[in-house]
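Data block below; observations after.
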Amino acid sequence: EAGVTQSPTHLIKTRGQQATLRCSPISGHTSVYWYQQALGLGLQFLLWYDEGEERNRGNFPPRFSGRQFPNYSSELNVNALELEDSALYLCASSQRDSVWFFGPGTRLTVL
Amino acid sequence: AQSVSQHNHHVILSEAASLELGCNYSYGGTVNLFWYVQYPGQHLQLLLKYFSGDPLVKGIKGFEAEFIKSKFSFNLRKPSVQWSDTAEYFCAVSPTGTASKLTFGTGTRLQVTL
Chain A
1 EAGVTQSPTH LIKTRGQQAT LRCSPISGHT SVYWYQQALG LGLQFLLWYD
51 EGEERNRGNF PPRFSGRQFP NYSSELNVNA LELEDSALYL CASSQRDSVW
101 FFGPGTRLTV L
Chain B
1001 AQSVSQHNHH VILSEAASLE LGCNYSYGGT VNLFWYVQYP GQHLQLLLKY
1051 FSGDPLVKGI KGFEAEFIKS KFSFNLRKPS VQWSDTAEYF CAVSPTGTAS
1101 KLTFGTGTRL QVTL
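Following this line, the structure appears as C-alpha cells:
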C-alpha cells in the first residue's frame, strides 16, 4: 500500500512569492491534514480537509489556504511568502478513529 | 480545544539506560493518544497508539506507554535504549469519534550516546 506522498521535496522561493505544495493521501483516506514544522516550534496544525471541504484551520493567517480535490488529494498555497514561513510542511491522511499517516514533507525555504 | 504538554525537551542517555518521556494532555472528553517518532532525516512514524482497552500499550522497537486517565498522562517508556533510538519523539492527542485534528506536543529530542 502506497503511503502519503508529497511534492515537491524541496522548494525555494523569495519573499512575496507564492508557494504551492501538493499531497496525495493513502488510498481510501478522505481526510487530509497540513502541519507546519518550523525549527523549535514542533508541529503546528494548519488545515484539515475532509470530503472536499475545509473542516478546521489552525492559528495561521489567511494567506495560508488550500483545497482538496475530488480524488482527495490536496494542495496547500502560501501567498505573499515571508522569511518565517521557512519550514517543513507535512501532510497527513487519516480515517475516523484511525491513525494519522504522515508524508515525508516539503521543505520550503524563503529567501 | 485539546493541548499536549511534553515536559522534557532534550534528553541525553547512555546506551542501555532506561527511558521515560512524560506527556500530559488537556481535554474535556475521551481521547485517542499517540506517540510518533521522527528519526534524523526520516518522516514521522507511529510508535504506538491508545484508543481504548488495556491502558498499557506496546509499540514497535520495544517501546510502551501507559495511559493514566486520572492524571491525563500517556508517558512513553523503554527499559533499555539503543543508539538507534536517537530521534525526536512527539506525543499527540485527538478526540475520539471524529476525524478531528491531531494535536502534538512540542517534542522531546532524545540523544543516546555509546
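These protein sequence lines map, in sequence, to chains A and B.
Residue numbering for the first sequence follows this note's numbering, starting at 1 and increasing by one per position.
Residue numbering for the second sequence follows this note's numbering, starting at 1001 and increasing by one per position.
All residues carry an ideal CB built from backbone N, CA and C; glycine is no exception.
Annotation for Cys1023 (chain B): no beta strand (DSSP E) segment contains it, and DSSP assigns it neither H nor E.
At least one beta carbon of chain A lies nearer than 9 Å to the beta carbon of Ala1092 (chain B). Counting of Cβ neighbours within 10 angstroms places Tyr49 (chain A) among the buried residues, the total reaching 16 or more. Around the CB of Ser1052 (chain B), fewer than 16 other CB atoms lie within 10 Å, so the residue is classed as exposed.
Our two residues, His1010 (chain B) and Ser27 (chain A), have alpha carbons roughly 36 Å apart in a direct line. Between the segment 1032–1046 of chain B and the segment 99–106 of chain A there are three or more C-beta pairs closer than 8 Å, enough to call the two in contact. Residues are counted here when their Cβ sits less than 7 Å from a Cβ of chain B; for the segment 17–42 of chain A these are Ser31, Tyr33 and Gly42, given in chain order. Counted as a single uninterrupted DSSP element, the beta strand (DSSP E) harbouring Ile12 (chain A) occupies residues His10 to Lys13. Nearest Cα to Tyr35 (chain A) within the set B:Leu1114, B:Leu1056 and B:Lys1101: B:Lys1101. Straight-line spacing of the CA atoms in Lys13 (chain A) and Tyr1036 (chain B) works out to 30 Å.
For Gly16 (chain A), the number of other beta carbons within 10 angstroms of its own is below 16, and it is reported as exposed. About 6 Å separates the beta carbons of Ser1026 (chain B) and Gln1002 (chain B), which is inside the 8 Å limit, making them a contact pair. Interface annotation, Ala92 (chain A): in contact with chain B, CB-CB separation under 9 Å.
Contact annotation for Lys1101 (chain B) against chain A: Tyr33, Phe45, Trp48 and Asn56 [CB-CB distance below 7 Å, chain order].
When B:Ser1094, B:Gln1082, B:Phe1034 and B:Lys1071 are compared, the shortest CA-CA separation from Gly1059 (chain B) is found for B:Phe1034. The C-beta separation of Val78 (chain A) from Arg67 (chain A) comes to about 13 Å, leaving the pair out of contact by the 8 Å criterion. Under the DSSP definition of a beta bridge, Trp1035 (chain B) partners with B:Leu1048 and B:Cys1091. By the 16-neighbour rule on beta-carbons within 10 angstroms, Thr1113 (chain B) is exposed. DSSP links Asp50 (chain A) through a beta bridge to A:Ser31 and A:Glu53.
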